[in-house]
Amino acid sequence: MERRPTLQETADIIKIMKNEHRQILALFQVYLGTESDSRHSLVDQILQRLDDHFEWEEALFTEDIRIQEQGTSVLRRILLDHEEVKAMMNELRQAETDDDESMDQFFEDTMQTVRVHFHAEERDLIPLFEAITTSPGS
Numbered sequence: 591m592e593r594r595p596t597l598q599e600t601a602d603i604i605k606i607m608k609n610e611h612r613q614i615l616a617l618f619q620v621y622l623g624t625e626s627d628s629r630h631s632l633v634d635q636i637l638q639r640l641d642d643h644f645e646w647e648e649a650l651f652t653e654d655i656r657i658q659e660q661g662t663s664v665l666r667r668i669l670l671d672h673e674e675v676k677a678m679m680n681e682l683r684q685a686e687t688d689d690d691e692s693m694d695q696f697f698e699d700t701m702q703t704v705r706v707h708f709h710a711e712e713r714d715l716i717p718l719f720e721a722i723t724t725s726p727g728s
């Protein structure tokens, strides 16, 4: 994975976070436009992108004690969302079924959960980053 900004580089973090959200959401649209029997590699790509995104975010959360102190409730909710999506991703990876329709429905449920999560991050987490890094003493 390429070097990504630290919390001290907030403008870059926000830009990257939003960009990654848009890229993953765009992959969801590609998935929806792809024939059901051709989706497996695309699902793998999306799951890897989500893994990388969550890993980067979680590293940011532990990087600066101010986020942990000032953003306790936001972080708790965001991390719970991460765990929920990771559990869904794990289930998708371990599924051994020929029932494309069932797997499509489950992946579409996962996509909806991710969409809601991204919205929450942009509504709650990004302002937290901005507040912490622009407050006196930052």
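In our numbering, the protein residues as written are 591 to 728. In this text, a Cβ means the ideal position worked out from N, Cα and C, and glycines have one as well. Since the structure is predicted, the reported quantities are computational estimates derived from the model, not experimental observations.
{"Query": "Using beta-carbon positions only, say whether H672 and F644 come within less than 7 Å of one another.", "Result": "yes"}
{"Query": "Under 7 Å, do Q660 and I722 count as touching if we go by C-beta distance?", "Result": "yes"}
{"Query": "In chain order, what residues of the same chain lie with their CB nearer than 8 Å to the CB of V675, ignoring the 5 residues before and after it?", "Result": "L640, F644, T700, T703, V704 and H707"}
{"Query": "Quick one: residues in its chain with C-beta nearer than 6 Å to the C-beta of E711, no 5 flanking neighbours on either side, listed in chain order?", "Result": "none"}
{"Query": "Look at D694 and S626 and say whether their C-beta atoms are less than 7 Å apart.", "Result": "yes"}
{"Query": "Pick helix, strand or coil for E625, following the three-state DSSP scheme.", "Result": "coil"}
{"Query": "Return yes when the Cβ of R629 is within less than 7 Å of the Cβ of Y621, no when it is not.", "Result": "yes"}
{"Query": "What's the C-alpha gap between I564 and D634?", "Result": "The structure shown has nothing for residue 564, since the chain only spans 591 to 728."}
{"Query": "Compare the beta carbon distance of M678 and L637 with 7 Å and say whether it is the shorter of the two.", "Result": "no"}
{"Query": "Sorted by chain position, which residues of the same chain lie with C-beta nearer than 8 Å to L632's C-beta, five sequence neighbours on each side aside?", "Result": "L617, V620, Y621 and T624"}
{"Query": "Helix, strand or coil for S728, going by three-state DSSP, please let me know.", "Result": "Confidence in S728 is poor, its pLDDT being 49 and thus under 50, which makes the residue's placement unreliable; the coordinate value appears in the next sentence. Residue state, collapsed to three classes: coil."}
{"Query": "Go through its chain and collect everything with a Cβ distance to E610's Cβ below 6 Å, but skip five positions before and after it.", "Result": "H643"}
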